[in-house]
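Right, one structure below, let's go through it.
Number of protein chains: 2
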Amino acid sequence: MNVNSLTKVIGDYIVTLFDDSEGSEVVLSRKDLARKFGCVPSQINYVLRSRFSPEQGFLIQSQRGGHGFIRIMQLRFADCDEYAEHLEDLVGNVISEQDARKLLARLQERETITPRERLIAEVALRNQDENGRTLFDLPPYKRDTMRAELLKKILVSLAMF
Amino acid sequence: MNVNSLTKVIGDYIVTLFDDSEGSEVVLSRKDLARKFGCVPSQINYVLRSRFSPEQGFLIQSQRGGHGFIRIMQLRFADCDEYAEHLEDLVGNVISEQDARKLLARLQERETITPRERLIAEVALRNQDENGRTLFDLPPYKRDTMRAELLKKILVSLAMF
DNA sequence: AATTCTATTGACTTATTTTGACCTTGCCTT
DNA sequence: AAGGCAAGGTCAAAATAAGTCAATAGAATT
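From first to last, the protein sequence lines stand for chains A and B. Residues in the first sequence are numbered from 1 upward in steps of one, following the numbering used here. Residues in the second sequence are numbered from 162 upward in steps of one, following the numbering used here.
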């Protein structure tokens with residue numbers, strides 16, 4: 001009983017391609033990849049959509065027809081200001097509890113933040129949320145904007161470090 | 162159900178999983194766990210909410226759908242309750258901005274927390290303070306108690322040495 | 001005895017992965 | 001230039017699994 005979904009396996013494989021190639025881009029063939037993992041080609045699109053989106057720091061370029069290909073490029077940032085800006089875009093003006101947690105998890109997985117840093121952030125966010133709910137009786141939308149504010153402050157402060 | 166509520170049994174079981182596993186994380190399936198203990202799946206959520214919260218030093222990451230899972234990470238040593246109590250005393254029910262900052266600085270100097278961790282804590286505290294002042298127009302005393310609460314939650318969640 | 005906190009349950013909701021049928025694009029051959 | 005073939009793209013349904021919420025039940029506290 002395999003605990004990993006095919007999507008994860010393929011996603012991990014693509015990440016190893018990045019490691020091996022040491023460049024910031026990887027080119028692959030949808031058909032071949034699908035055959036390699038014994039799945040339907042559209043599964044590859046799903047992997048790309050769910051694991052290599054611009055949100056997650058990747059850009060994808062592809063070509064159909066005879067000599068089709070899929071190119072995945074990893075975004076890089078010139079300086080910490082640019083990175084901070086990217087983070088602010090990522091969070092936006094409003095963010096749900098779930099999305100905030102997912103973002104923190106992703107950052108931790110990528111070793112942008114440590115588990116302890118993530119823990120502090122989560123505790124701070126939860127605390128604010130709880131106060132908003134119980135003390136000030138704030139509507140969900142207000143809490144979502146306040147969550148975004150706090151999360152941005154935290155992440156941007158770390159980006160500068 | 163004094164000593165052996167199902168919740169306690171399941172919580173203890175999860176703790177044994179931590180002992181058995183080498184690392185500081187455990188991955189489980191809500192459905193299987195529920196079946197193992199003959200309860201409804203949502204009971205597992207209750208166990209997690211009540212025993213494995215970030216405030217208690219755990220982080221939870223989960224995924225729905227096919228190959229769904231629940232991953233619990235333990236970020237502090239289980240037996241620091243004593244020290245945690247000490248921290249609660251240290252912070253007290255009320256703490257000024259200056260004292261909070263001094264405490265964080267001291268902890269950082271002692272290398273109990275890293276500079277980045279201190280930064281997150283300060284950002285969170287300042288953010289809460291500012292909201293309290295500008296958004297809710299809270300009196301200083303209230304802000305001092307809320308500051309103490311947040312600081313304690315953060316420090317206790319790390320429960321460090 | 002009343003209240004309040006903690007636990008249990010289940011109906012309903014949301015999210016993720018997998019699969020396949022059908023669509024679009026573009027090189028290449030005729 | 002037309003048509004064929006070889007990519008890749010889209011979309012939606014099915015399968016699977018977790019989350020939420022509120023009603024209830026049970027324990028503990030006052």
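Even glycine gets a Cβ: it sits at the ideal position worked out from N, Cα and C. All values derive from a computational prediction rather than experimental measurement.
Would you report the Cα separation of residue i and residue j, rounded to the nearest angstrom?
i, j, result
"V27 of chain A", "L17 of chain A", "9 angstroms"
"D137 of chain A", "R237 of chain B", "32 angstroms"
"Q63 of chain A", "E310 of chain B", "56 angstroms"
"D32 of chain A", "R294 of chain B", "60 angstroms"
"E130 of chain A", "G66 of chain A", "57 angstroms"
"E122 of chain A", "P139 of chain A", "20 angstroms"
"N165 of chain B", "L296 of chain B", "45 angstroms"
Which partner residues of residue i appear in the DSSP bridge assignment?
i, result
"L167 of chain B", "Partner(s): none; L167 of chain B has no beta bridge."
"S62 of chain A", "A:I70"
"L189 of chain B", "B:I231"
Is the beta carbon of residue j closer than 7 angstroms to that of residue i?
i, j, result
"I120 of chain A", "E278 of chain B", "yes"
"K314 of chain B", "N127 of chain A", "yes"
"A105 of chain A", "Q222 of chain B", "yes"
"I175 of chain B", "R191 of chain B", "no"
"R308 of chain B", "A261 of chain B", "yes"
"F58 of chain A", "I72 of chain A", "yes"
"A159 of chain A", "L48 of chain A", "no"
"Q235 of chain B", "S182 of chain B", "no"
Can you name, in chain order, every residue of its own chain whose Cβ lies under 6 angstroms from the Cβ of residue i, other than the five neighbours on each side?
i, result
"F37 of chain A", "I10"
"A34 of chain A", "P41 and I44"
Once you ignore the five residues that flank residue i on each side, which residues in its own chain have a CB closer than 8 angstroms to its CB?
i, result
"P276 of chain B", "Q269"
"L167 of chain B", "F198, C200 and Q204"
"Y141 of chain A", "V94"
Can you find the residues in the same chain that come closer than 7 angstroms, C-beta to C-beta, to residue i, ignoring five residues on each side of it along the sequence?
i, result
"R212 of chain B", "G172"
"L90 of chain A", "E55 and L103"
"T306 of chain B", "N254 and V255"
"T83 of chain A", "Per the sequence shown, residue 83 of chain A should be read as Tyr rather than Thr. Excluding sequence neighbours, Y83 of chain A sits near F77 and A159."
Runs of alpha helix (DSSP H) lying entirely within the region 269-293 of chain B, each at least 4 residues, in chain order | Taken in chain order, the complete alpha helix (DSSP H) segments of 4 residues or longer contained in the region 269-293 of chain B are 276-291.
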